[in-house]
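Numbering (mature numbering (1 follows the signal peptide of the UniProt record, and there is no 0)), first residue to last: -31 to -1, 1 to 366. The C-beta atom is built at its ideal place from N, Cα and C for all residues, glycine as well.
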């Protein structure tokens, strides 16, 4: 009888507290946050996902950038394509997770966001990018460099900015580069120590590195010939090694590859592994695990991801050519071939999860990383709320 009375009293008290609104459910906490760019031509935006401890993504908010993307229209040839920006890192999150920058290719601007401790975004402003079609961003300390898909009237395809304490951007004199020949700039990337800046010149077949001057401007470029055809994305393995994806020669099927290089302080590259093929098409984006042991290469035209093992000396071994495949659903690549559009990718900060943005499906697919680097889909873990064509740009941890 006493037990029944106590239980009844507890039920009544709980009901009363709930009715008065004094009971509340704690908001969910997340192990990390991811950000995907819509690249919408009529108003670019960033979709914010919370990452659970099990790797699942939940949509939390969508924040406008104050600029425009290009939708599904390719900056390369004006066709409708799953890879409209033709670039890596059009969305960039600083290592301390306090600033996010977005390239607005349609309006020729770069947006700066403050990131709260809980991952929420607050737009600081949108700034002129110093040229048309900004499509790749790199940040080190107070310097931000913007890569442009095509040159402005002066031939410039790299522009540099100072990031103020409040997150605003101002151009830096002498922080620009005009490459020789016709190229499509696909990647701009700082070395971890911020002493070198890498720029992938797709049409030229060059991987150019710049030493940085004390004021943040660019030193004399060191133009390196790519070990494989069509250099696109890049990832530094520490300060002394560089990994570069290669789309393959024009018209050649199944020629995707990745090369690795040792990097001299001057910016000179020496090949370690040369064009390690994966049997896939249009190998473009790279994501490296935090321990540097595995590399994920997204193959846009094949709709999948290749997995490479990375040795301590920087040499590469292909483990799986075709992982994380998603079938196309009516969308095509820049050459008109059916493709689901795997574009930018992210490995979580703890190295446990891999996330692949599929521009032709409107989602960010979630995978668990195995001890051997293999990828296993996380049921119910994908991130949504992206356009069915044209989204490009992924960052997070």
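For residue 215, name the three-state secondary structure that DSSP assigns. On the chain shown, residue 215 is found 246 positions in, with the first residue counted as 1. Three-state DSSP puts residue 215 in a strand.
From the DSSP output, in three-state form, read off residue -9 for me. As a first step, residue -9 must be located in the chain shown, where it is residue number 23. Low local confidence applies: a pLDDT of 47 at residue -9 is under 50, so the model's placement there is unreliable, with the coordinate-based value given in what follows. Here residue -9 sits in coil by DSSP.
Are the region 249 to 256 and the region 194 to 202 touching, with three or more C-beta to C-beta distances below 8 Å? The region 249 to 256, when compared against the region 194 to 202, does touch it at the 8 Å Cβ threshold.
Inspect the CB distances between the region 160 to 169 and the region 177 to 184 and report whether three or more fall short of 8 Å. yes
Quick one: what's got a C-beta closer than 6 Å to residue 109's C-beta in the same chain, skipping five residues either side? The count along the chain shown starts at 1 and reaches residue 109 at position 140. Around residue 109: 159, 163.
Could you check the C-alpha separation between residue 276 and residue 257 for me, to the nearest Å? Counting from one through the chain shown, the residue named residue 276 turns up at place 307. Counting from one through the chain shown, the residue named residue 257 turns up at place 288. Take the alpha-carbon of residue 276 and the one of residue 257: they are about 10 Å apart.
Among 332, 350, 55, which one has its Cα closest to the Cα of residue 356? Residue numbering aside, residue 356 sits at position 387 when the chain shown is read from its first letter. Checked all of 332, 350, 55; the closest Cα to residue 356 is 332.
Euclidean distance between Cα positions of residue 243 and residue 196: Here residue 243 is taken as the residue at index 274 of the chain shown, counted from 1. Here residue 196 is taken as the residue at index 227 of the chain shown, counted from 1. Taking the straight line joining both Cα atoms gives about 6 Å.
With a CB to CB cut of under 8 Å and the five nearest residues on each side skipped, what residues in its chain are close to residue 152? What you label residue 152 is simply residue 183 of the chain shown in a count that begins at 1. Counting only Cβ-Cβ distances below 8 Å, and skipping sequence neighbours, we find 126, 170, 171, 172, 173, 175.
Residue closest to residue 90, alpha-carbon to alpha-carbon, out of 142, 102, 6: Counting from 1 along the chain shown, the entry for residue 90 is found at position 121. Nearest of 142, 102, 6 to residue 90, Cα basis: 6.
Look at residue 191 and residue 211 and say whether their C-beta atoms are less than 9 Å apart. To locate residue 191, count along the chain shown from 1; it is residue 222. To locate residue 211, count along the chain shown from 1; it is residue 242. Cβ atoms of residue 191 and residue 211: not closer than 9 Å.
What's the C-alpha gap between residue 120 and residue 101? Position 151 of the chain shown, counting from 1, holds the residue named residue 120. Position 132 of the chain shown, counting from 1, holds the residue named residue 101. About 7 Å.
Inter-residue spacing [alpha-carbon to alpha-carbon] between residue 42 and residue 50: As a working mapping, residue 42 is identified with position 73 in the chain shown. As a working mapping, residue 50 is identified with position 81 in the chain shown. About 6 Å.
In the region 192 to 277, which residue ranges form an unbroken beta strand (DSSP E) of at least 3 residues, counting only runs that do not cross its ends? 200 to 206, 210 to 215, 226 to 232, 238 to 246, 252 to 257, 263 to 268
Quick one: residues in its chain with C-beta nearer than 8 Å to the C-beta of residue 26, no 5 flanking neighbours on either side, listed in chain order? Translated into the one-based positions of the chain shown, residue 26 becomes position 57. Cβ within range, chain order: 3, 18, 19, 20, 324, 333, 335, 350, 351, 352.
Could you say which of 185, 88, 64, 270 lies nearest to residue 29 if we only look at CA atoms? Along the chain shown, one-based indexing puts residue 29 at 60. If we check each option's Cα against that of residue 29, 88 comes out closest.
Buried or exposed, going by whether 16 or more other CB atoms sit within 10 Å of the CB of residue 78? On the chain shown, residue 78 is found 109 positions in, with the first residue counted as 1. Answer is buried; the Cβ neighbour count reaches 16.
Of all Cβ atoms in chain D, is any one closer than 9 Å to the Cβ of residue 279? Of the protein chains in the structure, only one exists, and it is not chain D.
Distance, Cα to Cα, residue 187 vs residue 156? Position 218 of the chain shown, counted from the first residue, corresponds to residue 187. Position 187 of the chain shown, counted from the first residue, corresponds to residue 156. Roughly 16 Å between the two C-alpha positions.
Would you mind working out which of 307, 265, 364, 72 sits nearest residue 226, comparing C-alpha positions? Here residue 226 is taken as the residue at index 257 of the chain shown, counted from 1. Among 307, 265, 364, 72, the Cα nearest to that of residue 226 belongs to 265.
Determine, using beta-carbon pairs with one atom in the region 297 to 308 and one in the region 48 to 67, whether at least three such pairs fall under 8 Å. yes
Classification of residue 365 by the beta-carbon crowding that lies within 10 angstroms, buried from 16 upward: Reading the chain shown from its first residue, position 396 is the one you call residue 365. Buried is the call here.
May I ask you to report which of helix, strand or coil DSSP gives residue 126? Working through the chain shown from its first residue, we reach residue 126 at position 157. In the structure shown, residue 126 sits in coil (DSSP, three-state: anything other than H, G, I, E or B).
From the DSSP output, read off the bridge partner residues of residue 314. Counting from 1 along the chain shown, the entry for residue 314 is found at position 345. Beta-bridge pairing links residue 314 to 325.
Do residue 59 and residue 362 come within 9 Å of each other at the CB atom, strictly closer than that value? Here residue 362 is taken as the residue at index 393 of the chain shown, counted from 1. Here residue 59 is taken as the residue at index 90 of the chain shown, counted from 1. In contact: residue 362 and residue 59 (Cβ atoms closer than 9 Å).
What do you get for residue 294, buried or exposed, if any count of 16 or more other CB atoms within 10 angstroms of its CB means buried? Stepping through the chain shown from its first residue, residue 294 is reached at position 325. Counting Cβ neighbours within 10 Å, residue 294 comes out exposed, since fewer than 16 surround it.
Straight-line Cα distance separating residue 230 from residue 267: Taking the chain shown and counting its residues from 1, the one referred to as residue 267 is at position 298. Taking the chain shown and counting its residues from 1, the one referred to as residue 230 is at position 261. Roughly 20 Å separates the two Cα atoms.
Residue burial classification, residue 217 (beta-carbon count within 10 angstroms, cutoff 16): Counted from its first residue, the chain shown places residue 217 at position 248. It is buried - the Cβ of residue 217 has at least 16 other Cβ atoms within 10 Å.
Looking at the unbroken beta strand (DSSP E) that takes in residue 109, where does it start and where does it end? Within the chain shown, the letter at position 140 stands for residue 109. Per DSSP, the continuous beta strand (DSSP E) segment holding residue 109 begins and ends at 103 to 109.
For the beta strand (DSSP E) that contains residue 78, what are its first and last residues? On the chain shown, position 109 is the one that residue 78 refers to. That run of the beta strand (DSSP E) goes 78 to 84.
Quick one: grab the DSSP three-state call for residue 53. Within the chain shown, numbered from 1, the residue matching residue 53 stands at position 84. It is coil, neither helix nor strand.
In its own chain, which residues sit with a C-beta less than 7 Å from the C-beta of residue 297, not counting the 5 before and 5 after it? Indexing the chain shown from 1 puts residue 297 at position 328. Same-chain partners within the cutoff: 272, 307, 308, 309, 329.
Which residues in the same chain have their Cβ closer than 7 Å to the Cβ of residue 317, if we skip the five residues on either side of it in sequence? For this step, residue 317 is matched to residue 348 along the chain shown. So the qualifying residues of the chain are 1, 20, 366.
Could you compute how far the alpha carbon of residue 39 sits from the alpha carbon of residue 270? The residue given as residue 39 occupies position 70 in the chain shown. The residue given as residue 270 occupies position 301 in the chain shown. In a straight line, the C-alpha of residue 39 is about 20 Å away from that of residue 270.
Give a yes or no on whether the C-beta atoms belonging to residue 44 and residue 22 are separated by under 9 Å. In the chain shown, counting from the first residue as 1, residue 44 sits at position 75. In the chain shown, counting from the first residue as 1, residue 22 sits at position 53. Going by C-beta atoms, residue 44 is not nearer than 9 Å to residue 22.
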